[in-house]
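Quick mapping for you: the protein sequence lines, in order, are chains X and U.
Here the first sequence stands for residues 1 to 464, where the numbers follow my numbering.
Here the second sequence stands for residues 1001 to 1101, where the numbers follow my numbering.
Cβ atoms here follow ideal geometry from the backbone N, Cα and C, with glycine treated the same way.
These notes concern the structure reproduced below.
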Amino acid sequence: MTPEFAGGQYIIEILYLIASVLFILSLKWMSSPASARHGIWAGEAGMVLAIIGTLMRNGLHDYRMIAMALVLGAIIGVPLGNVAMTAVPQRTALSHAFGALCVTLVGSAEFYLRTPNISRFMMSVLSVEVILGGLTITGSLMAAGKLQEILPQRPLTYKGQNFVNLLLLAVALAIAVTLVLYPDRSSLFPFMVLLALIFGVLLIIPIGGADMPTVISLLNAYAGLSAAAMGFVLDSKLLIIAGALDGSSGLILSIIMSKAMNRSFTNVLFGAFGQVQASAAAAEAKPVRSATAEEAAAILSAANRVIVVPGYGMAVAQAQHKVRELYDALTKRGVDVRFAIHPVAGRMPGHMNVLLAEADIPYDHLVEMDEINGDFPQTDVALVIGANDVTNPAARTDTSSPIYGMPILDVDKAHTVMVIKRSMNPGFAGIDNPLYYLDNTLMLFGDAKAFVGGIVRELGGGHS
Amino acid sequence: MSSSSNLINALFIFVLAGFIGFEVIRRVSPLLHTPLMSLTNALDAIAVVGAIVLVGEHASRLSFAFGFVAIVAATSNIVGGFFITDRMLKMFKSSRPANKS
Chain X
1 MTPEFAGGQY IIEILYLIAS VLFILSLKWM SSPASARHGI WAGEAGMVLA
51 IIGTLMRNGL HDYRMIAMAL VLGAIIGVPL GNVAMTAVPQ RTALSHAFGA
101 LCVTLVGSAE FYLRTPNISR FMMSVLSVEV ILGGLTITGS LMAAGKLQEI
151 LPQRPLTYKG QNFVNLLLLA VALAIAVTLV LYPDRSSLFP FMVLLALIFG
201 VLLIIPIGGA DMPTVISLLN AYAGLSAAAM GFVLDSKLLI IAGALDGSSG
251 LILSIIMSKA MNRSFTNVLF GAFGQVQASA AAAEAKPVRS ATAEEAAAIL
301 SAANRVIVVP GYGMAVAQAQ HKVRELYDAL TKRGVDVRFA IHPVAGRMPG
351 HMNVLLAEAD IPYDHLVEMD EINGDFPQTD VALVIGANDV TNPAARTDTS
401 SPIYGMPILD VDKAHTVMVI KRSMNPGFAG IDNPLYYLDN TLMLFGDAKA
451 FVGGIVRELG GGHS
Chain U
1001 MSSSSNLINA LFIFVLAGFI GFEVIRRVSP LLHTPLMSLT NALDAIAVVG
1051 AIVLVGEHAS RLSFAFGFVA IVAATSNIVG GFFITDRMLK MFKSSRPANK
1101 S
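In structure tokens form, the structure reads like this:
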């Protein structure tokens, strides 16, 4: 090694070190909306430094093709950064697939460059890298397809499903072990990747839309861990750090999401949710009280405290801007309006906050479940818009309910509950909601956007 | 390429970075979980450095082709990820006038 070479190496490593620090700062600044945008700048700066450092490495000569690939990626990236806020969950799933694709391709290329001189340790992490990467590619594509509604959202289950899935994974792992012991059997490698790809598809088939927040978080963790494994293979500290950060982020979000649904990881992955219960049919004939927009407006304008409970249905109906008008009209009359956000409201962690922020609702009026639940008994009106299971009191009382034990927003404790709903059909998970039959509940039947618009007109605060 | 001391170093870094990740991300406001995910997604695309080396070295036709596609995939995550995170964070406004920019 010549001294110049060693000097260049040091500069590159220092650049990588600065990039690592910037990445950590970037996540640290996400702790509050006030500092979060600094986080993006730190992340971008770290990324630029890391790429510059890599381009300085010895032995690179094909710079033209590197530049072409970078430009091509940037061209694809711009529309992916420009999607509507309602489409962010599927965009996120798609980008997990892209990240995992990068990791799996690099891992496969490294395998073929190094075989058969691969140490046992190296082959082990390489296997982890491509198996995790492979299942994340197809799993994320499936999740994106379900979220975009290209694929059916209802979970698809069949007998022996878990057995088939586990068998497939076991075969992939057996191939990995064989390759670790006999690294010259490189013809086995494509089968390992193929099995991981198939496993990813089968893993998501039995998962319904309501479980998407957990699944996206879990795929995020897998993508991060596969990148960390790639860091071990390439002996890159920067990659190990970035992968570990991404992996722990995905893991923390998955834990929060599973807790919010009172389910374990294994339960999400292996116990398809959403089969309609046989008992649900028995509840159809019960009477409900309904109200018109005029009546709803009268009750709301007489209230002092209102809590709005938004759900994914609000986003589907594109009602968030009408909800903002309602918020304005009520605030103008001196009504205290806040929003109760359940952790799994929406299709990914934090999705509802983004949708409401887009409608210009100030973030200090968006309150987490644990913080706001104690306030429902002192609340005059709880207005439920497009949310269902997260308000279902059966989760507290009915031990036979599939969502028993799931933490919910205690809307039934408010003086009056108003639920905007298209019809009495059960929600996404196909579970009947006893909330609708309570004495203090008023059903507001109709499209969320049109109905909220109607209330706003009655209040005289509409812009129409 | 990687001796056993390198392996131990790598494991140290992985475990410590995991700890930092846990402690830092535990403090992220639930308000920002969606932008957090798109940001970590962009940061994770640092895997592009491995792909850049593959394309730059052009050691075999296969490694070049895989590396090229890998750069495209990762770069689209970097650009798209930072872009959409910024768009989302711009929308978060406080009702307190002091915080308005």
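Per DSSP, residue i forms a beta bridge with which residues?
{"i": "Arg263(X)", "result": "In DSSP, Arg263(X) forms no bridge with anything."}
{"i": "Ile341(X)", "result": "Glu368(X)"}
{"i": "Ser336(X)", "result": "According to the sequence provided, residue 336(X) is Asp. The question's Ser does not apply to it. Beta-bridge pairing links Asp336(X) to Arg305(X)."}
{"i": "Ser467(X)", "result": "Since the first and last residues shown for chain X are 1 and 464, residue 467(X) lies out of range."}
Would you kindly report the start and end of the unbroken beta strand (DSSP E) that includes residue i?
{"i": "Arg305(X)", "result": "Arg305 to Pro310"}
{"i": "Glu368(X)", "result": "Leu366 to Glu368"}
{"i": "Leu442(X)", "result": "Thr441 to Phe445"}
{"i": "Thr416(X)", "result": "Thr416 to Lys421"}
{"i": "Leu383(X)", "result": "Val381 to Ile385"}
So, is the C-beta of residue i closer than 8 Å to a C-beta in chain X?
{"i": "Ile980(U)", "result": "Nothing can be reported for residue 980(U): it is not among the residues displayed for chain U, which extend from 1001 to 1101."}
{"i": "Ser1005(U)", "result": "no"}
{"i": "Gly1021(U)", "result": "yes"}
Quick one: does residue i have its CB under 8 Å from some CB of chain U?
{"i": "His96(X)", "result": "yes"}
{"i": "Arg457(X)", "result": "no"}
{"i": "Asn262(X)", "result": "no"}
{"i": "Asn353(X)", "result": "yes"}
{"i": "Phe23(X)", "result": "yes"}
{"i": "Asn220(X)", "result": "yes"}
{"i": "Lys28(X)", "result": "yes"}
{"i": "Asp184(X)", "result": "no"}
{"i": "Ala69(X)", "result": "yes"}
{"i": "Arg154(X)", "result": "no"}
{"i": "Met314(X)", "result": "no"}
{"i": "Ser108(X)", "result": "yes"}
{"i": "Ile150(X)", "result": "no"}
{"i": "Gly274(X)", "result": "Reliability of the predicted coordinates at Gly274(X) is poor, the pLDDT of 40 falling under 50, and the value obtained from them is presented with this limitation in mind. Chain U, which has no Cβ nearer than 8 Å to the Cβ of Gly274(X), makes this no."}
{"i": "Leu72(X)", "result": "yes"}
{"i": "Arg289(X)", "result": "no"}
{"i": "Val381(X)", "result": "no"}
{"i": "Tyr112(X)", "result": "yes"}
{"i": "Met230(X)", "result": "yes"}
Along the chain, where does the alpha helix (DSSP H) containing residue i start, and where does it finish?
{"i": "Asp432(X)", "result": "From DSSP, Asp432(X) is part of no alpha helix (DSSP H); its letter is neither H nor E."}
{"i": "Gln161(X)", "result": "Gln161 to Leu181"}
{"i": "Asp1086(U)", "result": "Arg1061 to Met1091"}
{"i": "Pro393(X)", "result": "It is not in any alpha helix (DSSP H) - Pro393(X) carries neither H nor E in the DSSP assignment."}
{"i": "Tyr436(X)", "result": "Tyr436(X) -> no alpha helix (DSSP H), and no H or E assigned at all."}
{"i": "Asp62(X)", "result": "Careful: Asp62(X) lies outside any alpha helix (DSSP H) and carries neither H nor E."}
{"i": "Met192(X)", "result": "Phe189 to Ile204"}
{"i": "Ala50(X)", "result": "Ala36 to Leu55"}
{"i": "Gln90(X)", "result": "Val88 to Arg114"}
{"i": "Phe1014(U)", "result": "Ser1004 to Arg1026"}
Assuming contact is defined by CB atoms lying nearer than 8 Å, are residue i and residue j in contact in what I supplied?
{"i": "Val1049(U)", "j": "Leu239(X)", "result": "yes"}
{"i": "Leu326(X)", "j": "Ile131(X)", "result": "no"}
{"i": "Met230(X)", "j": "Pro183(X)", "result": "no"}
{"i": "Thr115(X)", "j": "Ser187(X)", "result": "no"}
{"i": "Pro343(X)", "j": "Pro1030(U)", "result": "yes"}
{"i": "Thr1034(U)", "j": "Ser249(X)", "result": "no"}
{"i": "Leu219(X)", "j": "Thr157(X)", "result": "no"}
{"i": "Val419(X)", "j": "Thr441(X)", "result": "yes"}
{"i": "Pro349(X)", "j": "Met257(X)", "result": "yes"}
{"i": "Phe1066(U)", "j": "Val106(X)", "result": "yes"}
{"i": "Val288(X)", "j": "Val308(X)", "result": "no"}
{"i": "Glu358(X)", "j": "Phe1082(U)", "result": "no"}
{"i": "Val381(X)", "j": "Leu459(X)", "result": "no"}
{"i": "Ile76(X)", "j": "Val1072(U)", "result": "yes"}
{"i": "Phe1012(U)", "j": "Ala244(X)", "result": "no"}
{"i": "Ile385(X)", "j": "Pro310(X)", "result": "yes"}
{"i": "Ala319(X)", "j": "Val417(X)", "result": "no"}
{"i": "Gly247(X)", "j": "Ala1045(U)", "result": "no"}
{"i": "Val354(X)", "j": "Val88(X)", "result": "yes"}
{"i": "Leu49(X)", "j": "Ile18(X)", "result": "yes"}
{"i": "Leu15(X)", "j": "Ile40(X)", "result": "no"}
Would you say residue i touches the ligand HEM, meaning its beta carbon is less than 7 Å from a heavy atom?
{"i": "Ala36(X)", "result": "As far as ligands go, the structure on display features none, and thus does not contain the ligand HEM."}
Check: In the region 1046-1070 of chain U, which residues sit with their C-beta less than 9 Å from some C-beta in chain X, listed in chain order?
Finding: The region 1046-1070 of chain U vs chain X, Cβ under 9 Å: Ile1046, Ala1047, Val1048, Val1049, Gly1050, Ala1051, Ile1052, Val1053, Leu1054, Val1055, Gly1056, Glu1057, His1058, Ala1059, Ser1060, Leu1062, Ser1063, Phe1064, Ala1065, Phe1066, Gly1067, Phe1068, Val1069 and Ala1070.
Item checked: Contacting positions in the region 1076-1101 of chain U - beta carbon closer than 8 Å to chain X -> The region 1076-1101 of chain U vs chain X, Cβ under 8 Å: Ser1076, Asn1077, Ile1078, Val1079, Gly1080, Gly1081, Phe1082, Phe1083, Ile1084, Thr1085, Asp1086, Arg1087, Met1088, Leu1089, Lys1090, Met1091, Phe1092, Lys1093, Ser1094, Ser1095, Arg1096 and Asn1099.
Next item on the list: With 8 Å as the C-beta to C-beta threshold (strictly closer), list the residues of the region 321-336 of chain X near chain U in chain order.
Entry: none
Next item on the list: Name, going along the chain, the residues of the region 232-251 of chain X whose beta-carbon falls closer than 9 Å to a beta-carbon of chain U.
Entry: Phe232, Val233, Leu234, Asp235, Ser236, Lys237, Leu238, Leu239, Ile240, Ile241, Ala242, Gly243, Ala244, Leu245, Asp246, Gly247, Ser248, Ser249, Gly250 and Leu251
Notebook entry, point to check: Which of the residues in the region 347-378 of chain X, read from start to end, lie with their CB under 8 Å from any CB of chain U?
Noted result: Met348, Pro349, Gly350, His351, Asn353, Val354, Ala357, Glu358, Asp360, Pro362, Tyr363, Asp364, His365, Leu366 and Glu368
Notebook entry, point to check: Taking Cβ-Cβ distances below 8 Å as the criterion, which residues of the region 32-51 of chain X are in contact with chain U?
Noted result: Ser32, Pro33, Ala34, Ala36, Arg37, Gly39, Ile40, Gly43, Glu44, Gly46, Met47, Ala50 and Ile51
Next item on the list: Using a Cβ-Cβ cut-off of less than 9 Å, list which residues of the region 54-67 of chain X approach chain U; keep chain order.
Entry: Within the region 54-67 of chain X, the residues whose Cβ lies closer than 9 Å to some Cβ of chain U are Thr54, Leu55, Arg57, Gly59, Leu60, His61, Asp62, Tyr63, Met65 and Ile66, listed in chain order.
Next item on the list: Report the residues of the region 187-216 of chain X with a CB closer than 7 Å to any CB of chain U, ordered along the chain.
Entry: None of the residues of the region 187-216 of chain X has a beta carbon lying less than 7 Å from any beta carbon of chain U.
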